[in-house]
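Before any comments, here is the structure.
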Amino acid sequence: MKTTLLASAVALTLSTGAAAASDADLRELAKSAGLEAVPYGLQAVDDNPITREKIELGKMLFFDPRLSASGVISCNTCHNLGTGGDDNLPTSVGHGWQKGPRNSPTVLNAVFNKAQFWDGRAEDLKAQAKGPVQAGVEMANQPENVVITLKSLPEYVERFERAFPGEADAVTFDNMAKAIEAFEVTLVTPNAPFDQWLEGNDGALTETQKAGLAQFLEKGCPSCHTGVNVGGQDYFPFGLIKKPGADILPPNDKGRFQVTKTASDEYVFRAAPLRNIALTAPYFHSGQVWDLEQAVDVMGTAQLGAVLNAEETALIAEFLRTLTGEQPRVEYPVLPVETAETPKPEL
Ligand code: HEC
Ligand code: HEC
Numbered sequence: 008m009k010t011t012l013l014a015s016a017v018a019l020t021l022s023t024g025a026a027a028a029s030d031a032d033l034r035e036l037a038k039s040a041g042l043e044a045v046p047y048g049l050q051a052v053d054d055n056p057i058t059r060e061k062i063e064l065g066k067m068l069f070f071d072p073r074l075s076a077s078g079v080i081s082c083n084t085c086h087n088l089g090t091g092g093d094d095n096l097p098t099s100v101g102h103g104w105q106k107g108p109r110n111s112p113t114v115l116n117a118v119f120n121k122a123q124f125w126d127g128r129a130e131d132l133k134a135q136a137k138g139p140v141q142a143g144v145e146m147a148n149q150p151e152n153v154v155i156t157l158k159s160l161p162e163y164v165e166r167f168e169r170a171f172p173g174e175a176d177a178v179t180f181d182n183m184a185k186a187i188e189a190f191e192v193t194l195v196t197p198n199a200p201f202d203q204w205l206e207g208n209d210g211a212l213t214e215t216q217k218a219g220l221a222q223f224l225e226k227g228c229p230s231c232h233t234g235v236n237v238g239g240q241d242y243f244p245f246g247l248i249k250k251p252g253a254d255i256l257p258p259n260d261k262g263r264f265q266v267t268k269t270a271s272d273e274y275v276f277r278a279a280p281l282r283n284i285a286l287t288a289p290y291f292h293s294g295q296v297w298d299l300e301q302a303v304d305v306m307g308t309a310q311l312g313a314v315l316n317a318e319e320t321a322l323i324a325e326f327l328r329t330l331t332g333e334q335p336r337v338e339y340p341v342l343p344v345e346t347a348e349t350p351k352p353e354l
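Here the sequence shown is numbered in this note's numbering, starting from 8 and rising by one per residue.
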């Protein structure tokens, strides 16, 4: 309903006036569709006060391959902070060169998502971080072994004690996850051209990009992709109007159904966050689409029942490319050296 009203408001705005809607009108429409700039500063998270000590520790853990059984796979392997926070593969490669079932989403701005994973099965980043360490196709480790490893490295013991002061036993699997969450809170990308424009700088977007935004609004994309992350805020059936082919929507991955066991959740996924989308091909949970225009086209048919013409698709893709923000500058951490007690890698 809201979308229909919005779409007709956009259409009206676009048809009246001269060549294009004024920046002020378009900005009003974008804001009323719920689009928001990425805020500066650290986002607060539940049950985990963010401190400098935790962030530093979390950064080391994020880059430390010894959290994996093989000793070669770190979080950064699949969420490479130099390549948009993902691995640019259709589906990730993990322990023993196994291919996982889904595409790796970016960790950038993940703190703004309502819940984590394509199906939202982890409620937040600290719950999420425990998953990959144990997943057989990812890092294939055991929590007890992770704790033994961390305790064998004296610098980690000191750092956990500083990050979790007053805890009798600071080196725990839960605290590992909390420290990683604290680091991930810093992985945000503010100041994208779209954000600069949203905050009043008319010149931050080109006329083509503004026309793309107008299309994005008019076609109703923000009915599913909205908020700070332009997505990540709610769940929808992938193939709401028409199911995409089995290559893009493999029949064996039923999405949120696996989490809720509710029939209406079959093939329901979290609306993908569209921030930094230009950096995170290939697209969709299946990672089968490399081209952003094609991904937009799939969305038109699958989610809106609207066949977008080539010009509309290109304009929308141009707009989506304005969602690339300032990438976090992360200095690669120097990690503690192994001791005689450190468990040996299992390849
Ligand atoms: C082998 C590759 C691999 C490794 C290693 C890995 N991940 Fe992931 N990560 C993935 C994949 C694939 C998904 C999506 C899985 C799904 O939705 O079922 C994911 C999802 C996520 C998400 C959710 C993002 C979102 O938008 O929902 C976060 C956050 C994340 N990983 C952080 C981490 C952290 C922290 C580590 C290290 C402890 C880690 N990952 C290790 C591949 C990996
Ligand atoms: C009814 C809800 C809905 C609408 C409307 C919708 N989307 Fe989506 N979108 C989704 C969902 C759900 C996904 C995740 C699909 C999956 O599981 O791979 C998604 C994924 C995407 C992706 C892939 C992102 C990635 O990281 O792989 C892009 C790009 C995208 N949408 C753009 C758009 C555009 C542009 C429009 C408007 C033309 C649009 N969407 C309309 C729900 C929607």
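Positions of the beta carbon are idealized from the N, C-alpha and C atoms, including for glycine. Being a predicted model, the structure only gives us computed values, none of them experimental.
Proximity to residue i [Cα-Cα], best of the options
{"i": "ARG59", "options": "GLU165, TYR47, ALA189", "result": "ALA189"}
{"i": "ALA117", "options": "ASN236, LEU327, ALA37, TRP297", "result": "ASN236"}
{"i": "ASP131", "options": "VAL275, LYS226, ASP254, GLN50", "result": "GLN50"}
{"i": "VAL195", "options": "PHE180, LYS351, VAL344, PRO335", "result": "PRO335"}
{"i": "ARG128", "options": "ARG277, MET306, ILE284", "result": "ARG277"}
{"i": "ILE248", "options": "LYS38, THR215, ALA309", "result": "ALA309"}
{"i": "GLY312", "options": "PHE245, ASP53, ALA253, THR267", "result": "PHE245"}
{"i": "LEU354", "options": "GLY107, PHE119, GLU145", "result": "GLU145"}
{"i": "PRO350", "options": "ASP30, ASP54, ALA76, ALA37", "result": "ALA76"}
{"i": "GLN265", "options": "LEU322, TRP125, GLY173, GLN105", "result": "TRP125"}
{"i": "LEU330", "options": "GLY48, VAL275, GLN216", "result": "GLN216"}
{"i": "HIS86", "options": "LEU74, PRO108, VAL114", "result": "VAL114"}
{"i": "THR233", "options": "THR267, GLU174, GLY41", "result": "GLY41"}
{"i": "THR346", "options": "ASP209, LYS137, VAL164", "result": "VAL164"}
{"i": "LYS250", "options": "LEU315, PRO200, TYR274", "result": "TYR274"}
{"i": "GLY238", "options": "LYS106, ASN120, GLU191, LYS268", "result": "ASN120"}
{"i": "PRO139", "options": "VAL100, PRO352, PRO172, ALA175", "result": "VAL100"}
{"i": "GLY91", "options": "SER29, TRP104, PRO112", "result": "PRO112"}
{"i": "VAL192", "options": "GLY48, LEU33, ARG34", "result": "GLY48"}
Beta-carbon contacts of residue i that lie in its chain and below 8 Å, excluding the five residues immediately before and after
{"i": "PRO72", "result": "GLY78, VAL79, ILE80, SER81, THR84"}
{"i": "LEU327", "result": "GLY219, PHE223, LEU281, ILE284, ALA285, LEU299, VAL303"}
{"i": "GLN141", "result": "ALA147, ASN148, GLN149, PRO150"}
{"i": "ALA134", "result": "GLN123, ALA184"}
Ligand 1 heavy atom lying under 7 Å from the CB of residue i
{"i": "ARG109", "result": "yes"}
{"i": "ALA136", "result": "yes"}
{"i": "TRP204", "result": "no"}
{"i": "LEU132", "result": "yes"}
{"i": "VAL296", "result": "no"}
{"i": "HIS86", "result": "yes"}
{"i": "GLY143", "result": "no"}
{"i": "PRO280", "result": "yes"}
{"i": "PHE243", "result": "no"}
{"i": "GLU318", "result": "no"}
{"i": "PRO352", "result": "no"}
{"i": "GLU345", "result": "no"}
{"i": "SER99", "result": "yes"}
{"i": "VAL52", "result": "no"}
Contact set for residue i: own chain, Cβ-Cβ below 6 Å, skip 5 residues either direction
{"i": "PRO294", "result": "Note that residue 294 corresponds to Gly in the displayed sequence, not to Pro. Around GLY294: PRO97, THR98, ASN110."}
{"i": "PRO356", "result": "The shown model of the chain, from 8 to 354, leaves out residue 356, and the question about it has no answer."}
{"i": "LEU88", "result": "VAL337"}
{"i": "THR10", "result": "In this predicted model, THR10 has a pLDDT of only 48, less than 50, meaning its place in the structure is not dependable enough to derive any value."}
{"i": "ILE323", "result": "GLY219, GLN222, PHE223, VAL303"}
{"i": "ASP272", "result": "ARG263, PHE264"}
{"i": "PRO352", "result": "SER77, GLY78"}
{"i": "ASP53", "result": "none"}
Opening and closing residue of the alpha helix (DSSP H) in which residue i lies
{"i": "TYR242", "result": "Per DSSP, TYR242 belongs to no alpha helix (DSSP H); it is in the beta strand (DSSP E), 242-244."}
{"i": "CYS82", "result": "82-85"}
{"i": "ASP254", "result": "Taken as a continuous stretch (DSSP letters only), ASP254 belongs to no alpha helix (DSSP H), as it is neither H nor E."}
{"i": "GLN301", "result": "299-306"}
{"i": "TYR339", "result": "Neither: TYR339 is in no alpha helix (DSSP H) and is coded neither H nor E."}
{"i": "ASN152", "result": "150-158"}
{"i": "ILE4", "result": "No information on residue 4 is available, as it lies outside the stretch 8 to 354 that the chain covers here."}
{"i": "VAL164", "result": "161-170"}
{"i": "TRP204", "result": "200-205"}
heavy atom of ligand 2 below 7 Å from residue i C-beta
{"i": "GLN310", "result": "yes"}
{"i": "GLY219", "result": "no"}
{"i": "TRP125", "result": "yes"}
{"i": "SER230", "result": "yes"}
{"i": "LEU247", "result": "yes"}
Residue interval of the beta strand (DSSP E) (run including residue i)
{"i": "VAL275", "result": "275-277"}
Other residues of its chain near residue i: CB distance less than 7 Å, five sequence neighbours each side excluded
{"i": "LEU64", "result": "ARG166, PHE167, ALA170, ALA186"}
{"i": "VAL154", "result": "VAL178, THR179, PHE180"}
{"i": "VAL344", "result": "none"}
{"i": "ASN55", "result": "LYS133, LYS185, GLU188, ALA189"}
{"i": "ASP296", "result": "Reading off the sequence shown, one finds Val at residue 296, where the question assumed Asp. ILE255, PRO289, TYR290, ALA302, VAL305, listed in sequence order."}
{"i": "LYS106", "result": "THR98, VAL100"}
Whole-Å CB distance - residue i paired with residue j, under 8 Å assumed
{"i": "THR2", "j": "ASP304", "result": "Examination of residue 2 is not possible in this model, given that the chain is present from 8 through 354 alone."}
{"i": "LEU212", "j": "VAL178", "result": "Not a contact, Cβ separation roughly 48 Å."}
{"i": "GLU43", "j": "ASN198", "result": "Rounded, the Cβ-Cβ distance is 14 Å, inconsistent with contact."}
{"i": "SER159", "j": "GLU348", "result": "4 Å"}
{"i": "TYR290", "j": "ARG263", "result": "No, TYR290 and ARG263 are not in contact; Cβ-Cβ is about 19 Å, not under 8 Å."}
{"i": "PRO108", "j": "ASP260", "result": "6 Å"}
Residue i Cβ short of 7 Å to ligand 4 heavy atom set
{"i": "GLU63", "result": "With respect to small molecules bound, the structure shown includes ligand 1 and ligand 2 and not ligand 4."}
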